[in-house]
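Structure record follows, encoded as structure tokens.
Number of protein chains: 2
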Amino acid sequence: MNWEQILAGRMSRMKASEIRELLKLLDQPDIISFAGGIPDPKLFPAEAFRDAMTTALSDSQYATSLQYSVSEGYGPLRDWIADQMGLIGVPCTPDNILITSGSQQALDYLGKLMLSPGDTALVGWPTYLGALGAFNAYEPRFDRLDPGSNREAQDYHDAAAPGRVKFAYLSADFANPTGVTLDQAGRERLLDLAEELDIAIIEDAAYQTLRYDGTAIPPILATEIARKGSIDACRTIYSGSFSKTLAPGLRIGWVCAAASVIGRLVLMKQAADLHTSTLNQIATHIVARDHFADHIPSLRETYGRRRDLMLDALDREMPEGVTWTRPEGGMFVWLTLPDGTDGAELLARSLKTERIAFVPGHAFHPDGTGRNTIRLSFTLHEKELVDEGIARLGRLLRAS
Amino acid sequence: MNWEQILAGRMSRMKASEIRELLKLLDQPDIISFAGGIPDPKLFPAEAFRDAMTTALSDSQYATSLQYSVSEGYGPLRDWIADQMGLIGVPCTPDNILITSGSQQALDYLGKLMLSPGDTALVGWPTYLGALGAFNAYEPRFDRLDPGSNREAQDYHDAAAPGRVKFAYLSADFANPTGVTLDQAGRERLLDLAEELDIAIIEDAAYQTLRYDGTAIPPILATEIARKGSIDACRTIYSGSFSKTLAPGLRIGWVCAAASVIGRLVLMKQAADLHTSTLNQIATHIVARDHFADHIPSLRETYGRRRDLMLDALDREMPEGVTWTRPEGGMFVWLTLPDGTDGAELLARSLKTERIAFVPGHAFHPDGTGRNTIRLSFTLHEKELVDEGIARLGRLLRAS
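Chains A and B, in that order, are what the protein sequence lines are.
Each step along the first sequence adds one to the number in numbering that gives the first Met the number 0, with nothing skipped, and position 62 is 61.
Each step along the second sequence adds one to the number in numbering that gives the first Met the number 0, with nothing skipped, and position 13 is 12.
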């Protein structure tokens, strides 16, 4: 059977990531890993989920927890999320909320919603690797979104021909991989650019709740609502997730956007997987309702402390010529190494010598540039391992 | 914001189903419904799932139940499924198994894997509505698969130009919506046709376990393995589900196919939603391992009895000129009404008079034919409601 001839054209773009393959090699007990962008499992509210599951599987008010349910999602969870969105400057109703199986699914659906082959998606250089993967299935071109530059709308437009620019994708708060936050002026400029190009904005808010210091900046969607008066007139599509705040293993995220967009995504979800797990939506609602407000401060305290440990260690250990970001939240610090230092080579060498893991930065660049960058995650380790790991990184860099 | 101009071309094919809208109107307590193709929630092993969730969220061997996990799925569940596949004539390894979020997701992924716009998918006339919906997103043409006819491979091939036939999709056992099973000779002819066209076969086995009488026929995949010697040489892609056997609310299904196909689907899943809920896969494994063998006979007994009740009532109540299938399993009986009787009109009239619900058959036909057919589900009701509902259907038909 020659599968090549019956595969869709899009499949030629889906390849195993070298980086993931390399990181698999590094998943060994003697390695100190700053690679994975994963939350600390010790911080999951496991007991709360256990109690919620017991309730969802025995209380008669949840008699439908094992049954099929509607594609838009479980009503009380959509209500709760709509209320939370209101608290961060996004007044909306449950008609503006779709429950997805994690925010990765939201990215897949938004690519599917807007991208025809040859269309352009504007993304950061670097940007979240999983967004590139999700959009890639719909065969777009990627162009570099840089709200800080003076690049004119017309230039983005011309570069997209004969396709069309469809959306700008970004994480505005403590972005993966850089940890950088877009300031209010940048958000306004991005909205101006999107207006001029008449495109959507996908605001990936996976890390938004995890702010450790500084002042919260309203979501891009909130800023647009302030301009337009109603979410239903907005072009910003907000994607949220419980993966970083409660737990990723239940796969619960959401999209918050104009009701007309949500309506189309509901049809798409019906055709693609019917709905997200009924039981997991009910359990997530119970845990969010009863524990979210108490749980978030403890996450912030722990992750904020670990970020400080990493920044302190970097201050101590990094050789001349290495610079890094100082994120106000999220999970990542982004290092720029001296010109000519290659992050992927450094990682390969680390496997043989210092035994620390990180993600080479070129993986986050659609054009493979950024070779002298690396991403470190600070979520998993306490002082001893952070100090030891960053000291090893310092030695590795000085030996290169 | 004018969304129309930034939507992908595929979105023009995603429309709300009239049928679903009509059925929403019929979701009222005084209506006797034979419409939904859903399992009886009273038969869900809720207690077993509750115990499994408690274990998965407290036993230290499941410490990663709330964490991210691998895209191919939870190892012990893939092992268990591979063993089960062996029992029905499909020797395979976990490398031949991908866990999906329900079998609907498998259909979406398989469309995404193979269909470029303008390619042809061969489907039954009628066929599962959700398969048409899933494939539609990839802009195929549909052609009529009829393994019982003398239609030559060349004719299928010519009809697909300038695209290509990519696969034949069918449910071989107690198909939704007809309840009909393809016999062994039909399976062999289908394999011959697929060989000649050099296309894949998607075997949707959602109902396969629910056989109430007659002799089990090996899956198409088993028949092909018998020809080729190994699953890795096969063109048949088998899609299975726990939705009809354990419960749909956890969204756990699987694909069983050549390892090269599974490898491509793993990349696709990684980009589309990372993985299916870790916790739900662990709980499903525990429940399947400990309860599947005991649970299935009780489902068969109950659903088999309800099928008999419906067939008996049809024998008594249907007027001259109405014919129907006698399924050996699954959930559905398919009625052919006298020429000129329109199932959709009958349903609209039922809303005003007899107050029973069913699905008009044209919805299952890609070309909108089959207007004189309707689908009845027999899974939900016991004798009193079946007798009353089918008597009402008889009156409705005699009044038309």
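By construction, the Cβ of each residue, glycine as well, lies at the ideal position given by its N, Cα and C atoms.
Annotated as proximal: A:A133 and A:D107, with beta-carbon spacing under 8 Å. Around the CB of A:T214, fewer than 16 other CB atoms lie within 10 Å, so the residue is classed as exposed. Think of a sphere of 9 Å around the beta carbon of B:S11: no beta carbon from chain A falls inside it, the nearest being about 11 Å out. Only those residues of the region 228–241 of chain B whose C-beta falls short of 8 Å from the nearest C-beta of chain A are listed: A232, C233 and R234.
Residue pairing by DSSP places B:C255 opposite B:I96 and B:Y237 in a beta bridge. In this structure, the straight-line span from the alpha carbon of B:S376 to that of B:M330 is close to 5 Å. Beta-carbon to beta-carbon, B:S64 and B:L278 are separated by about 5 Å, close enough to satisfy the 8 Å threshold. When DSSP reads this structure, B:L42 sits in no beta bridge, so it has no partner.
When the five nearest sequence neighbours on each side are left out, the beta carbons in the same chain lying within less than 7 Å of the beta carbon of A:F43 are those of A246, in order along the chain. Contact check for B:P318 against B:L396 passes: the beta carbons are separated by less than 8 Å. The alpha carbon of A:D154 has as its nearest neighbour, out of A:A184, A:T119 and A:T126, the alpha carbon of A:T119. Taken atom to atom, the span from the alpha-carbon of B:Q104 to that of A:E187 is near 38 Å. Between B:S70 and B:S242, the CB-CB gap reaches or exceeds 8 Å. Between the region 217–229 of chain A and the region 328–343 of chain A, the count of C-beta pairs closer than 8 Å stays below three; the two stretches do not touch. Contact with chain B is absent for A:A356, since none of that chain's Cβ atoms lies less than 8 Å from the residue's Cβ. If you look at B:S229, you'll find it isn't in any alpha helix (DSSP H); DSSP assigns it neither H nor E. One Cα belongs to B:W124, the other to A:L97, and the distance between them is close to 33 Å. Listed along the chain, the chain A residues whose CB falls inside 7 Å of the CB of B:T63 are P40. Secondary structure in the region 122–167 of chain A: the alpha helix (DSSP H) runs of 4 residues or longer, each lying completely within the stretch, are 128–135 and 152–159 in chain order. The DSSP assignment places 17–24 and 45–55 as complete runs of the alpha helix (DSSP H) inside the region 4–84 of chain B, in order along the chain (cut-off: 4 residues).
Among the bridge pairs identified by DSSP, B:E202 is matched with B:L169 and B:Y237. With contacts defined by Cβ atoms closer than 8 Å, B:R394 and B:E344 do not form a contacting pair. DSSP places A:S242 in no beta strand (DSSP E); its state is neither H nor E. Under DSSP, A:T322 takes part in a beta bridge, and its partners are A:T335. B:S376 has B:F331 as its beta-bridge partners, per DSSP.
In this structure, the CA atom of B:T324 is about 39 Å from the CA atom of B:H274.
The Cβ of B:M267 sits closer than 8 Å to at least one Cβ of chain A. Between the region 380–389 of chain A and the region 31–38 of chain A there are three or more C-beta pairs closer than 8 Å, enough to call the two in contact.
Taking 8 Å as the CB threshold, B:I37 lines the interface with chain A.
Between B:K165 and chain A, the shortest Cβ-Cβ separation is below 8 Å.
The criterion of a C-beta distance shorter than 8 Å is satisfied by A:A159 and A:D142. As a beta-bridge residue in DSSP terms, B:V358 pairs with B:R374.
Residue environment: A:A15 is assigned as exposed (fewer than 16 neighbouring CB atoms within 10 Å of its CB, all protein chains considered). Within a 10 Å sphere around the beta-carbon of B:S68 sit 16 or more other beta-carbons, which makes this residue buried.
Residues of the region 72–84 of chain B that bring their beta carbon within less than 9 Å of a beta carbon in chain A are absent altogether. For A:A120, the three-state secondary structure derived from DSSP is strand.
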